[in-house]
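full-length UniProt numbering numbers the first residue of the sequence shown as 1 and each following residue consecutively.
Before any comments, here is the structure.
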Amino acid sequence: MPRSLRADARANHERLLEVAAQAFAQEGTEASMKAIAAEAGVGIGTLYRRFPTREDLIEATYRNETDRLCASARQLLNEKAPQAALRTWMEAFVDYMLTKRGMADALPVILATREGLRLHSRDALKAAVTTLLEAGIAAGQVRQDVAPNDILMALGGITLITGHEHERDLASRLITLLLDGLTPDREYGPTATA
Numbered sequence: 001m002p003r004s005l006r007a008d009a010r011a012n013h014e015r016l017l018e019v020a021a022q023a024f025a026q027e028g029t030e031a032s033m034k035a036i037a038a039e040a041g042v043g044i045g046t047l048y049r050r051f052p053t054r055e056d057l058i059e060a061t062y063r064n065e066t067d068r069l070c071a072s073a074r075q076l077l078n079e080k081a082p083q084a085a086l087r088t089w090m091e092a093f094v095d096y097m098l099t100k101r102g103m104a105d106a107l108p109v110i111l112a113t114r115e116g117l118r119l120h121s122r123d124a125l126k127a128a129v130t131t132l133l134e135a136g137i138a139a140g141q142v143r144q145d146v147a148p149n150d151i152l153m154a155l156g157g158i159t160l161i162t163g164h165e166h167e168r169d170l171a172s173r174l175i176t177l178l179l180d181g182l183t184p185d186r187e188y189g190p191t192a193t194a
């Protein structure tokens, strides 16, 4: 988002992205641009001045949702114990991925054609998970041998299962199992004995 926007223009921009994320999650990328503008409380002209194409709005929405999720890691650590912060972030990750699924038909092309977008997302998510894991390890609440990419892969799998089963509560139960596996007083993996 351009930094030179007036406060009201910045608020409109943020509101458009918030409404677009909800619309794409519920209706997919064919959600009505006119309805998005109306729900955001702006005219369709304002929407198209900010986002000249549907792809521009999808990219901005995806980038905004990624950035919001990643920024929340540090905020959560300021408010909660590390393991509770990690759990809250994991729940938010599932919601983020479900929103992203609403954009699934358009995202592959956008990610392939918008330079740096895929790398930006991957690096930002890995940094957020690393921040949460390091805090958990320092507090003795998370095992030291946990790789951030493994957590992201596990959460991706949880999201796929949840989306397939259309049962959001399932994600919370699976996150509980994942967190239990991160507890430092247990030994898992190839060297664990039965």
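Virtual Cβ for every residue (Gly too), placed ideally from N, Cα, C.
Just verifying my parser: in three-state terms, what is the DSSP assignment at residue 74?
For the purposes of this step, residue 74 is taken as residue 74 along the sequence shown, with counting starting at 1. Note: residue 74 maps to helix in three-state DSSP.
Quick one: Cα of residue 78 to Cα of residue 84, how far?
Your numbering for residue 78 matches position 78 in the sequence shown. Your numbering for residue 84 matches position 84 in the sequence shown. Residue 78 and residue 84: Cα-Cα distance of roughly 11 Å.
Which residues bound the alpha helix (DSSP H) around residue 26?
Along the sequence shown, read from residue 1 onward, the residue named residue 26 stands at position 26. Start and end: 7-27.
Here's the rule: buried if 16 or more other CB atoms are within 10 angstroms of the residue's CB, otherwise exposed. What is residue 82?
Indexing the sequence shown from 1 puts residue 82 at position 82. Buried is the call here.
How is the alpha helix (DSSP H) around residue 109 delimited, first residue to last?
As a working note, residue 109 is residue 109 in the sequence shown. Start and end: 107-113.
Starting from the N-terminal side, write out each stretch of the alpha helix (DSSP H) that is 4 residues or longer and does not extend beyond the stretch 27-58.
Counting whole runs of 4 or more residues, the stretch 27-58 contains the alpha helix (DSSP H) stretches 33-40, 44-50.
Counting only runs of 4+ residues fully inside the stretch 148-185, write out the alpha helix (DSSP H) ranges in chain order.
With a minimum length of 4 residues, the continuous alpha helix (DSSP H) runs that stay inside the stretch 148-185 are 148-165, 168-181.
For the pair the stretch 60-80 and the stretch 26-43, tell me if three or more CB-CB distances fall below 8 Å.
Contact between the stretch 60-80 and the stretch 26-43 is absent, because fewer than three Cβ pairs lie under 8 Å.
Please say whether residue 140 and residue 86 have beta carbons closer to each other than 8 Å?
Within the sequence shown, numbered from 1, the residue matching residue 86 stands at position 86. Within the sequence shown, numbered from 1, the residue matching residue 140 stands at position 140. Result no, Cβ atoms of residue 86 and residue 140 do not sit closer than 8 Å.
Thinking just about the alpha-carbon of each residue, which of 105, 112, 71 is nearest to the one in residue 127?
If you number the sequence shown from 1, residue 127 lands on position 127. Comparing Cα positions, the closest option is 71.
Apply the 10 Å Cβ neighbour rule to residue 50 and answer buried if 16 or more other Cβ atoms are within range, or exposed otherwise.
The count along the sequence shown starts at 1 and reaches residue 50 at position 50. It is buried - the Cβ of residue 50 has at least 16 other Cβ atoms within 10 Å.
I need the DSSP call for residue 80, collapsed to helix, strand or coil.
Locating residue 80 in the sequence shown gives position 80, counting from the first residue. Three-state DSSP puts residue 80 in coil, outside helix and strand.
Quick check: what's the CA-CA separation for residue 30 versus residue 44?
Sequence index remark: in the sequence shown, residue 30 carries index 30 (1-based). Sequence index remark: in the sequence shown, residue 44 carries index 44 (1-based). The straight-line gap from Cα to Cα measures roughly 16 Å.
Where residue 193 and residue 185 are concerned, what is the direct C-alpha to C-alpha distance, given to the nearest angstrom?
Looking up residue 193 in the sequence shown gives position 193. Looking up residue 185 in the sequence shown gives position 185. Residue confidence for residue 193 is low, a pLDDT of 46 falling below 50, so the modelled location carries little weight; the figure read from the coordinates is stated next. Whole-angstrom Cα-Cα distance: 14 Å.
Three-state secondary structure (DSSP) at residue 68?
In the sequence shown, the residue the question calls residue 68 occupies position 68. Helix at residue 68.
If you pair each beta-carbon of the stretch 92-112 with each one of the stretch 145-160, do three or more pairs fall below 8 Å?
Enough Cβ pairs lie closer than 8 Å, so yes.
So the candidates are 21, 89, 130; which of them puts its Cα closest to the Cα of residue 176?
Start at 1 with the first residue of the sequence shown, and residue 176 comes out as number 176. The residue with the shortest Cα to Cα distance from residue 176 is 89.
Would the beta-carbon of residue 204 fall within 8 Å of that of residue 21?
This structure cannot settle anything about residue 204, because the visible part of the chain is limited to 1 through 194.
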